[in-house]
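Scroll down for the structure; my scribbles are underneath it.
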Amino acid sequence: MLTRSEVARLAALARIELSDDELDAMASQLDVILSAVAAVSEVASQDIPPTSHAVPLTNVMRPDVLNWVPRSQAMLAGAPDVENGRFRVPQILQEEQ
Amino acid sequence: MADELLSFDAVLERFDPVLGLEVHVELSTKSKMWCGCPTEFGNEPNSQVCPVCLGLPGSLPVVNAKAVESAIRIGLSLNCQIARWCRFARKNYFYPDMPKDYQISQYDEPLCFDGEIAVEVGEMAYQVPIERVHMEEDAGKITHIGGVGRIANADYSLLDYNRAGVPLMEIVTKTIHDTGAAAPEVAAGYVALLRDMVRALAVSQGRMERGNLRCDVNVSLMPKGASELGIRSETKNVNSLRAVADAVRYEMRRQGAILSAGGRVVQETRHWNEAGYTTAGRSKETAEDYRYFPEPDLVPLAADPAWVEQLRATLPEHPGKRRARLRTEWGFTQREFGDILAVPGALDTIADTVLAGATPIAARKWWLTELARRANEWGVALDELPITAKQVAEVQALLDTGQINDKLARQVIEGVLAGEGDPAAVVQHRGLTVVSDTGALEVAVDGAIAADP
Ligand SMILES: [Zn+2]
């Protein structure tokens, strides 16, 4: 059973603000999802490693060469706020005491 | 700073220090870890970014082969095992220095693991066990604007992502025991060894002052005779060799005072202050909070053993062995050699100068006096001075053959540094030759008198 405080912790980590009502609702909804997913563990035995990649590929690498054109204006243009060629973001709370 | 401190000696009477060191090394690849943007330092903000390193939707990372190769070479130099198969992992955290809102790193499957390296302090050698070397990416540079002092008071922040995505290696030790009073020096010696190693491997510039090499220092104390580890503190971003030793010493004394008074050390992240003390930082997120999972955008890495053996063959002489060899070859005392090791880059420039034909004594003299002073004045490293080892050896050769004297040699060096060309050209151009041939001198005197009777 997923507890309300676990959901609150996850929400905090994901920077999502949830009201008390929403927390209650999420806890029960997520619990349904988790138990549905948990059904997988009933069929997968211990000696089957969890799949992380569907395609059996390894070692896809690129040589260490530059592949780049200067386009900072275009890159900055998509940002909500810019100052002096840098991305401007709101103050970051509680990162340091 | 109002920490109670126990004296260092009193700490050692009652406790054994246990160390753990996490060193981040920024690689000097041409391009970033997952994209073709340049890694060059010091350019216009956000001039080296693309959709991949800005984490724009739809962009996909591709691993830089040179970074993997560099990681394996670092791992081999630390006598690590190289994983036959490993994956990248996504480390989730929200902080604007990571535009994707996660860092691609490695978690439970590091590329290199279980190594060991000997660190010499004076006449003693301490074995430092290596837990892992893993690959990840650097973050962007954040500048807090407005407010007073503390980040929480800032009005807003500005982001430069030129550094975001630069290949970063994290080298983590296992707990280091039995260092006793040498703990501060073992920690600093280990970091110095890593610095020299990555430079010798030519995988990183290894400049601590530029942040190419950054160290987090974990310290805990075990009461004498205890078998359980104490609670540790983690001091972040200790960015000089001196600071590494000082941070270890400070944390030993601070924790010693807490434990002696019957208190408990808080497990926390602390910040190193240049004035020589640590302060409590934010409470550390646990590994669980990062919700690691295998990176879906990158396929696993399977280092072919034959490739690993090829890379092993490219390893330069181990820095520790090289030091021992050079000290013997050059015939310096521990102290004379120690002076060389204390100046970053001096060992290499002196070695190159000796190879170019100068005696070790002469090479040491020039690089540790005249040139070290100039590098200091200009705020550059020795190997950044506009004079080569070969040119220094040429100056010495001119001196040895009596064509110039010591005073003129200094002027020749000035000339080379000023861009006037090779030593011989500077001598000619400045007319610096000491004329010891009396025949030539008489001709010159006669000539001068004839010209201006
Ligand atoms: Zn990029």
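Residue numbers (this note's numbering), protein chains in the order written: chain A, 172 to 268; chain B, 362 to 814. Built from N, CA and C at the ideal position, the CB exists for glycine as well. These figures come from a predicted structure and were not determined experimentally.
- Scanning the region 538-592 of chain B from its first residue to its last, the whole alpha helix (DSSP H) runs of 4-plus residues come out as 544-561.
- Residues are counted here when their Cβ sits less than 7 Å from a Cβ of chain A; for the region 418-442 of chain B these are 423, 424, 425, 426, 427, 429, given in chain order.
- For a Cβ distance threshold of 8 Å, residue set 233, 236, 237, 238, 239 of chain A lies close to residue 397 of chain B, ordered along the chain.
- Under the DSSP assignment, residue 464 of chain B falls in the beta strand (DSSP E) whose first and last residues are 463-466.
- With fewer than 16 other beta carbons inside 10 angstroms of its own, residue 571 of chain B counts as exposed.
- When the Cα atoms are used, residue 755 of chain B and residue 766 of chain B turn out to be separated by approximately 13 Å.
- DSSP places residue 690 of chain B in the helix class (H, G or I) of the three-state scheme.
- For residue 577 of chain B, the number of other beta carbons within 10 angstroms of its own is at least 16, and it is reported as buried.
- Bridge partners of residue 473 of chain B according to DSSP: B:443, B:494.
- In this structure the region 443-460 of chain B lies against the region 656-663 of chain B, because at least three pairs of beta carbons, one per stretch, are closer than 8 Å.
- In the same chain as residue 555 of chain B, and ignoring 5 residues on each side of it, the C-beta atoms closer than 6 Å to its own belong to 384, in chain order.
- Any heavy atom of ligand 1 within less than 6 Å of a residue's beta carbon puts that residue on the list, which reads B:393, B:396, B:398, B:410, B:411, B:413, B:414, B:526.
- Around the CB of residue 415 of chain B, 16 or more other CB atoms lie within 10 Å, so the residue is classed as buried.
- Residue 436 of chain B places its beta carbon less than 7 Å from that of residue 494 of chain B.
- Within chain A, no C-beta atom comes nearer than 8 Å to that of residue 594 of chain B; the closest sits roughly 15 Å away.
- Burial state of residue 606 of chain B is buried, judged by a 10 Å Cβ sphere holding 16 or more other Cβ atoms.
- In this structure residue 552 of chain B is buried. Its beta-carbon is surrounded by 16 or more other beta-carbon atoms within 10 angstroms.
- Within the DSSP bridge table, the entry for residue 640 of chain B names B:632 as partners.
- Exclusion of the five residues before and after residue 785 of chain B leaves 755, 759 as the residues of its chain whose Cβ lies within less than 8 Å of its Cβ.
- Annotated three-state conformation of residue 594 of chain B is strand, per DSSP.
- The secondary-structure analysis by DSSP pairs residue 427 of chain B with nothing; it has no beta-bridge partner.
- 7 Å or more divides the Cβ of residue 388 of chain B from the Cβ of residue 618 of chain B.
- Within the region 529-547 of chain B, no residue places its CB atom closer than 9 Å to a CB of chain A.
- Residue state for residue 257 of chain A is assigned as strand, using DSSP reduced to three classes.
- Close to residue 653 of chain B, with beta-carbon spacing below 8 Å, lies no residue of chain A; the smallest spacing is near 12 Å.
- Residues of chain B whose Cβ lies closer than 9 Å to the Cβ of residue 223 of chain A are, in chain order, 448, 654, 655, 656, 657, 661.
- Where residue 252 of chain A is concerned, there is no enclosing beta strand (DSSP E), because DSSP gives it neither an H nor an E.
- Residue 703 of chain B has a beta carbon lying at 7 Å or more from every beta carbon in chain A.
- Against chain A, the CB of residue 515 of chain B has a partner CB under 7 Å away; the residue lies at that interface.
- Around the C-beta of residue 587 of chain B, fewer than 16 other C-beta atoms lie within 10 Å, and the residue is accordingly described as exposed.
- Only exposed fits residue 456 of chain B, as fewer than 16 other CB atoms lie within 10 angstroms of its CB.
- With contacts defined by Cβ atoms closer than 7 Å, residue 602 of chain B and residue 549 of chain B form a contacting pair.
- Among the residues of chain B, those whose CB is under 9 Å from the CB of residue 243 of chain A are 405, 406, 407, 408, 409, 410, following chain order.
- Any Cβ of chain B closer than 7 Å to the Cβ of residue 262 of chain A would place that residue at the interface, and such an atom is present.
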